[in-house]
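In terms of numbering that gives the first Met the number 0, the sequence shown has 124 at position 125, counting the first letter as 1, and numbering is strictly consecutive. One structure is given below, encoded as C-alpha cells.
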Amino acid sequence: MSDTEVASTAMTSDAAPLVTREVAATCLGVKVPQSPFLTETRIERINAARYEGQEIAGALHVVREDDRVLEVGAGLGVVGAVIAMNARPEKVLSFEANPELVPVITALHEMNELGGRVELRNQVLFAGAGRPETMEFHLRNSFLGSSLLNEGGRPSRVVEIPTVDLAEVVAELQPTVLVMDIEGGELALLEAMDLSPFRAIVIEFHPEAYEVKGMRRCKTILREGGFQKIEDVSSRTVWTCIREDAVS
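Here's what the structure looks like:
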C-alpha cells in the first residue's frame, strides 16, 4: 500500500485536527506530535527518516549555517524542522496553504522549541502580475491530495487562502535556498518566479499533475536558471540542485 493510500484521516469536514502533546515519531532529532494525519505506515517512515527522505537528504546536503531557507509547502512540518535543527540555517520561513495542517505544524514547532528559528505562514505565494487576494484550495481526505489544483474536477472542500507576493517575501527574507513541494503547483511558480536569489534548490516534481512534459519544463527552467543537479541526492522526481557558479 502506498503512502498516499494510507493518508486519509478521520476528521469531519468542519472539525479541526486533534493534535496532542504525545510524541508519535522522531525524525533526525525532531519530535513529531500525534495527530490524525499520522498512520502506522507514516510513523514508521518518519522514524526511519524515509518520509520525504529525498527532500531531507538533499536539503541537509546543501543548507549551510549562513543560509536563509524559503520552504514552499511545509506539509506536516517535518522537513522544515529537520532542516532548522540539523543544518541550523539563519532562518527557515515556511509557507503552507492547507489550513488543516497549520495546528499540526505549530504543535511540532512548539514541541521542538523552534519558534525562534522557523516561521510558518498560511498563505499562497504568487509570482507575477495580477495577484488575486485569495486563491481556492481544494481539501481532500488525504492531505497529500489537497492542492491548489483540481485535476479532473475531483470532489473536494474548497477554502479561500490569502495570497502574498513572492517578490515581497524574497525582499523581506533574502533567501538563499528554496525547498519546494506543492503537489503540482511548482510548474506555474517556476515559470513566473525569479530564481536568481537562490544558491540551491530542493524540489519535488509531480508529473501526475502536469504530465512528463510539465516535469521536463520544470527541469529546463532550472537548467536555464544556471542550476546543476546533484546526482548523489537526486532522483527522477526530486532534484537537489545548486547554481553552477556556486559549486565549490
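Think of the CB as a built atom: it goes at the ideal place given N, C-alpha and C, for glycine as much as any other residue.
What residues in its chain sit with their C-beta under 7 Å from that of residue i, if we drop five residues either side in the sequence?
i    : result
R216 : L186
N66  : According to the sequence displayed, residue 66 carries Asp and not Asn. Here the set comprises P88, E89, T175, V176.
G127 : A191
Using alpha carbons as the reference points, say which of the options lies closest to residue i.
i    : options                : result
D164 : E207, D231, R130, F204 : R130
V324 : L75, A128, N85, K90    : Only positions 0 to 247 of the chain appear in this structure, which leaves residue 324 out of reach.
Q33  : I42, A23, E39          : A23
F36  : F142, Q173, K90        : F142
F94  : T162, R139, I241, R44  : T162
H137 : V77, G225, N97, E21    : N97
V61  : E167, A208, I202       : I202
K30  : E70, R63, G79          : G79
S233 : A48, I55, T40          : I55
A83  : R49, T219, G28         : G28
Q173 : S146, E51, V91, I220   : V91
Look up residue i in the DSSP assignment and give the residues it is bridged to.
i    : result
D164 : F125
K212 : DSSP lists no partner for K212.
L138 : R156
L69  : L92, L177
I241 : A199, Q227
S146 : H137
Excluding five sequence neighbours on each side, which residues of the same chain lie with their C-beta closer than 6 Å to the C-beta of residue i?
i    : result
E250 : Coverage of the chain is limited to positions 0 through 247, which leaves residue 250 absent and any answer about it impossible.
E4   : Low confidence applies to E4: its pLDDT is 28, below 50, so where it sits in the model is not reliable, and the reading given next is rough at best. For E4, where only same-chain residues beyond five positions count, there are no Cβ hits under 6 Å.
D231 : none
E243 : G225, Q227
M110 : K30, P32
T11  : Confidence in T11 is poor, its pLDDT being 34 and thus under 50, which makes the residue's placement too unreliable to answer from.
V169 : P196
Leaving out five residues before and five after residue i in sequence, what residues of the same chain have Cβ atoms less than 8 Å from its Cβ?
i    : result
G114 : H108
M179 : E70, V71, G72, E185, L188, I200, V201, I202, E203
A166 : A126, D193
Q122 : F94, A96, I160, P161, T162, V163
Next on the checklist: At 3 residues or longer, what runs of the beta strand (DSSP E) sit wholly inside the region 14 to 65?
Outcome noted: 22 to 26, 29 to 32
Next on the checklist: If we require 4 or more residues per run, which alpha helix (DSSP H) segments fall completely within the region 85 to 136?
Outcome noted: 101 to 110
Next on the checklist: Going residue by residue through the region 153 to 202, where are the continuous beta strand (DSSP E) segments of at least 3 residues, counting only ones entirely within it?
Outcome noted: 156 to 164, 176 to 179
Next on the checklist: Across the region 195 to 204 and the region 150 to 159, are there enough close Cβ pairs to call them in contact, namely three or more that are closer than 8 Å?
Outcome noted: no
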